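Chemist:
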Amino acid sequence: MTNPVPWGTLPHDPAKNRAAVFTPYNIVFGGGERYLLTVVQVMQEMGHAVDVLVRENNVCATKEQLLKVATGLRVPLNPDLLSLEVVTVKGIHIFPPREGYSMFMLLGNDKLPTFAGLGHVNFYMCQFPFDLNRPPRPGTTKAYATYDYVLLNSGYTDRWYNIAARTHIETAMRLYGSAPTVVVLYPPVEPFPAKSQLHGGEGGEGEAAEAARHHIMVLGRFFSGRQSKGHGSAIDIFEGILPALPPGTQLNLVGNLMPGHSAYVAGLRKRAKHLPVNFHIGVSPQVIEEVMHTSLVQWHLTGIELEVAEDPASEEHFGISIAEGMSAGVIPVVLNRGGVTDIVRHGVTGYLGSNAAQLANITKEVFALDQASLGQLRTNAVTWVEKFSTKSFSKTFRMLANRGRLTKPFRHLVQQTRDIVTPRAFTLPKSSPKAAIIIEARQHYAFEYVVKNTMFHLGEEWSLFVYHGKSNSRFVKDALASVANTNFRELDTDQLPVATLNALLKAPEFWGELRGAGADRVLFFQTDSLLVHGGIQPFLQYDYVGAPWHRKNERWGPKQAAMPQGVGNGGLSLRSVPTMEALARAYGNTSGTQQEDFLWASIMERLPGQYKLAPREEALRFCIEVPCEEFETPQKGHKKGGKDAGGGADQALAAAGVDAAASGASGGGTAPLQTLPFTPMAVHATWYYMWGTAQRFADLLTMLETSVCGPVPGGAAAGSASGAGSSSEEQPPGQAIGSKRRRDSQADLGADLDAAAAAAATALVAVPVDWRERFKARFVQEARKERLKRQARRLKAENALQVVQVEVHRLEQALAREQRALPGLRAELAAVRQARQQAAAAALAAHYWQPAAVQRAHGVETVLAPQDAEAREHDLQQRLAVAELEVRKLTSQLAAQRRRAAEVQRRLQALLP
């Protein structure tokens, strides 16, 4: 293979069944702490002993105190699998009591984690990027690259995080070849069951229980400042509408007191004097539940004292307490700000108001509703809030942890070969009968890599369509700046849940637009897809082809009799545009939960005369997602689908031809696959499934490595579509060197050894006969050894030269990027200086340096830290100095690497015959 990947350095799980979480904040009764401790609970359920890491002087100083907080937050923890450890930190490093965690999570309030990850799979839970406009702390970009996931608590936080983190994701990828995947994982909500007919009440008893609800409540911690829960405004609104409410209505303020904020509560009590307002501070969950069951309305007013978009960090990021109230049958009437819209759907599960006056009017209207209308609201709310349950949280976290572990080979490939794949540039046709399509709303670390891998193998006769969200618009356009004529399409969304994607691909308008753009066949791919080679031509005859499903697939398995082919997965699929448009018009009006690929496949199998669906084996030649045992080559001494005896990656790496101790070894060379008689054209999320046996894992590594530049001519056999591939196309200097020599050397190795043996035998003519026969075999063996040593030294020198030249290429690319950035910085700095000299700084500030939140409201995506021209000039001076320093450093490193390359080249020439 022309591009060896050092699989020997593939990270391994320490497999010590131990996990850890770290919080730099006091562990108290709050939403962030509930999130953290629920993660601990899930880790324990996964079989891990968990270390909760804190710094010295944390108010939670013992395991007993930790368990008390967990009990108060209604999070059950296993004391036998729990440890509270005090740690020290230095820079971005945490020094834990032990090394090697399978999983690790850090809780933080910065856009980048302030500490590096400690686990095999690392999570960073960002409650909100409070440092929106501030530059990150030194070293945090390096720490950022150690994480697999950034967890966010709502779509609102996700929108702001995408703005704040875009450049840092790009920087982490450029400098360290890795960046985390950003995921919205809603906080877990432990419900307070509603006392109604919804949960066991019968007849009049349930109706009477609901009729007894006639109070208003506010649930949230008592503190002043950022993210204050608006208790003071609640008292004012209540006072204003009290005459219009039923007699006896009270306002209940419920929550824990933040240490040091007693004066805030004292002020509230004074404000509520002579009003029917009750304070329930630090009460038990049982008391909270009783308050909920006597309350008709729940207010949530976080951020009500602020002007709109004045400080996005002070808005409600999610609102766990709202979901808790909904689970108990309380009707939410909340301020329409921040992340509450993820929970409350106006008129369906509750009500949204834009200001105090609207909230007051809505509250009076809710008190006037009849019991039937209130019951419908409660039914909707209780059903809707189940998506935020602890069970749902646990399921998603487990899935992410498992995928984080299984994705390591793919991440390793991207990290090790990014400087080969991403510098590629393409000039594509704006319109073509053949088009590649990716739909991606995230700022995904593999986006650029996967797109350029796909276009490299397809060739420049294919056009490219990129459907992206609002938040990642600039990210995808920057990533594909070197792919000319890309067709960008912005979707009116920041997130793309599965239901939305299904609805889009079942919409006839979507396929009609593609047909109007000239596309007849489209290759749909995602960020977990890779083309192994470019032999796609034989598959263009089909209306639909995707990777075949496994026979135990939960959707296809029960329907195999009606759908014998089981083709196939839509994540990487080739489709006929006219056929898709016709199917969408006839059958596309189905629920978003109906998977679009399964829908099309079932229709085509039901109507084989009308549509041409690829046969099962042909679909596997097109793409592999999961191993299909019926097509696998039987492995000697290995049971199909079985587990490794040792299971370890070392055994699998050995099967792939990799010495786990060798940092530069290649994974499998050009040998054919061990479990399949052909090489599929593509892989789709295959790393999630090909861990069953060492042979399968070896094949996974071989296919991943082959995807970089295609099969070596004469190497692994491709499938029915394995045409010429693209192996000869643009390779960085040093990528092809040694390949031909290595093949020639290996092909001639037997002949060389025989020649050496013959020469040694001939040289023994002058030796006495009794000695010659006695020592002939030994002399021949020594001659072979010497030849092998020389051969090994030559191959080692070739590999060393290849590594050096790849590094030279990487440095040249980095230097070119920095040099391209310098003129822009200098021009911008000159413009700012000129504006200041002309006394136009005030006008400039009003026109250009607006606060980030106002920019976002006007649809501007650029976020600028300085708020005036003087600060901007200082910032540009610093950035320019750093850039010039980086250019000098890269120039020096490049010169050193070129000298090293020349020296290695000289040594190699001396070893050549």
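Going by the UniProt record's numbering, the sequence shown opens with residue 1, and the numbers climb by one from there. For each residue, glycine too, the CB sits at the ideal point set by N, CA and C. This one's a predicted model, so the numbers in the text were calculated from it and none came from an experiment.
If distances are taken between C-alpha atoms only, which option among V421, E448, D419 and I320 comes closest to K387?
Modeler: It is I320.
Chemist: Hey, V28 and V40: beta-carbon distance below 7 Å or not?
Modeler: Result no, Cβ atoms of V28 and V40 do not sit closer than 7 Å.
Chemist: For F223, which of helix, strand or coil comes out of DSSP?
Modeler: In this structure, F223 counts as coil in the three-state DSSP scheme.
Chemist: What does the Cβ neighbour count give for residue 914, buried or exposed, with the cut at 16 atoms within 10 Å?
Modeler: Residue numbering for the chain in the displayed model covers 1 to 913; residue 914 lies beyond these limits and cannot be assessed.
Chemist: Along the chain, where does the alpha helix (DSSP H) that runs through K142 open and close?
Modeler: Here the alpha helix (DSSP H) through K142 covers T140 to Y144.
Chemist: Ignoring anything shorter than 3 residues or poking outside the UniProt domain "Glycosyl transferase family 1" (227-357), list the beta strand (DSSP E) runs there in chain order.
Modeler: The qualifying runs are 251-255, 277-281, 295-300, 331-335 and 351-353.
Chemist: Short of 8 Å in beta carbon distance, which residues of its chain neighbour I737, apart from the five on each side in sequence? Order them along the chain.
Modeler: Because the pLDDT of I737 is 32, which lies under 50, any placement of that residue in the model is unreliable, and the number read from its coordinates should be weighed accordingly. If we look at I737 and ignore the five residues flanking it on each side, its Cβ neighbours are E798, L801, Q802 and Q805.
Chemist: Flag this pair as yes or no: are the beta carbons of G255 and R221 separated by less than 7 Å?
Modeler: A contact, by the Cβ cut-off of 7 Å.
Chemist: Assign I438 to one of two classes, buried (16 or more other C-beta atoms within 10 Å of its C-beta) or exposed (fewer than that).
Modeler: Result: buried.
Chemist: Check each candidate in V683, L825 and L701 and name the one with the smallest Cα separation from Q674.
Modeler: Checking every option, the nearest Cα to that of Q674 belongs to L701.
Chemist: Does DSSP classify R575 as helix, strand or coil?
Modeler: Three-state result, R575: strand.
Chemist: Would a C-beta distance cut-off of 7 Å place F192 and E324 closer than the cut-off?
Modeler: Yes, these two residues count as a Cβ contact at 7 Å.
Chemist: Check whether the segment 388-404 and the segment 41-57 touch, using three or more Cβ-Cβ pairs below 8 Å as the test.
Modeler: Verdict: yes, contact present.
Chemist: Could you please give me the residues that DSSP links to C60 through a beta bridge?
Modeler: Per DSSP, none; premise fails for C60.
Chemist: Quick check on the burial criterion: 16 or more other C-beta atoms within 10 angstroms. Buried or exposed for H346?
Modeler: That one is exposed.
Chemist: Between N78, I169, P135 and G117, which has its C-alpha nearest T146's C-alpha?
Modeler: That would be G117, whose Cα lies nearest to the Cα of T146.
Chemist: Note down, in chain order, each residue of its chain lying with its Cβ closer than 8 Å to the Cβ of Q819, except the 5 sequence neighbours on either side.
Modeler: The residues are V887.
Chemist: Measure the C-alpha to C-alpha separation of W7 and L413 and round it to an integer number of angstroms.
Modeler: So the alpha carbons of these two residues sit roughly 9 Å apart.
Chemist: I need the boundaries of the beta strand (DSSP E) containing I94, first residue and last residue.
Modeler: Residues H93 to F95.
Chemist: Is the Cβ-Cβ distance between M217 and S295 less than 7 Å?
Modeler: Yes, they are a contact pair.
Chemist: Mind checking who T181 pairs with in its DSSP beta bridge?
Modeler: In DSSP, T181 forms a bridge with Y149.
Chemist: Between the alpha carbons of T454 and G119, how many angstroms are there, rounded?
Modeler: Whole-angstrom Cα-Cα distance: 32 Å.
Chemist: What three-state label does DSSP hand D478 in the structure shown?
Modeler: In the structure shown, D478 sits in a helix (DSSP, three-state: H, G or I).
Chemist: Going residue by residue through the segment 425-477, where are the continuous beta strand (DSSP E) segments of at least 3 residues, counting only ones entirely within it?
Modeler: List check, beta strand (DSSP E) in window: 434-440 and 463-468.
Chemist: With a threshold of 16 other CB atoms inside 10 Å of the CB of K68, please say whether the residue is buried or exposed.
Modeler: With fewer than 16 Cβ atoms within 10 Å of its Cβ, K68 is classed as exposed.
Chemist: Can L505 and V683 be called in contact, C-beta distance under 7 Å?
Modeler: No, the pair does not count as a contact, with Cβ atoms beyond the cut-off.
Chemist: Under DSSP, the alpha helix (DSSP H) around D597 begins and ends at which residues?
Modeler: That run of the alpha helix (DSSP H) goes E596 to R606.
Chemist: Hey, G568 and A584: beta-carbon distance below 7 Å or not?
Modeler: It is not a contact, given that the beta carbons lie outside the stated cut-off.
Chemist: With the cut-off set at 7 Å, would you say A143 and F115 are in Cβ contact?
Modeler: Contact flag set, yes.
Chemist: When the Cα atoms are used, what is the spatial distance from A685 to L572?
Modeler: If you take the alpha carbons of A685 and L572, they lie about 9 Å apart.
Chemist: Using only CA atoms, which one of Q893, G100 and M604 lies nearest to D543?
Modeler: When only C-alpha atoms are compared, the closest one is M604.
Chemist: Would you mind working out which of L107, Q695, I624 and T593 sits nearest T633, comparing C-alpha positions?
Modeler: Checking every option, the nearest Cα to that of T633 belongs to Q695.
Chemist: On the DSSP bridge assignment, give the partners of P548 in chain order.
Modeler: DSSP, once it has assigned bridges, lists V567 as partnering P548.
Chemist: Alpha carbon to alpha carbon, what distance is there between N355 and Y848?
Modeler: For Y848, the predicted model reports a pLDDT of 42, less than 50, meaning its position is unreliable; a value from the coordinates is still stated below. Cα to Cα, Y848 sits roughly 30 Å from N355.
Chemist: Given 8 Å as the limit, is there contact between the segment 128-143 and the segment 434-453, that is, 3 or more CB pairs closer than that?
Modeler: Not touching, per the Cβ criterion.
Chemist: Tell me which residues share the same chain as V767 and place their Cβ nearer than 6 Å to its Cβ, disregarding the 5 neighbours each side in the sequence.
Modeler: Residue placement at V767 cannot be trusted, given a pLDDT of 41 that sits under 50; what the coordinates show is reported in the next sentence. Closer than 6 Å at Cβ, skipping near neighbours: no residue.
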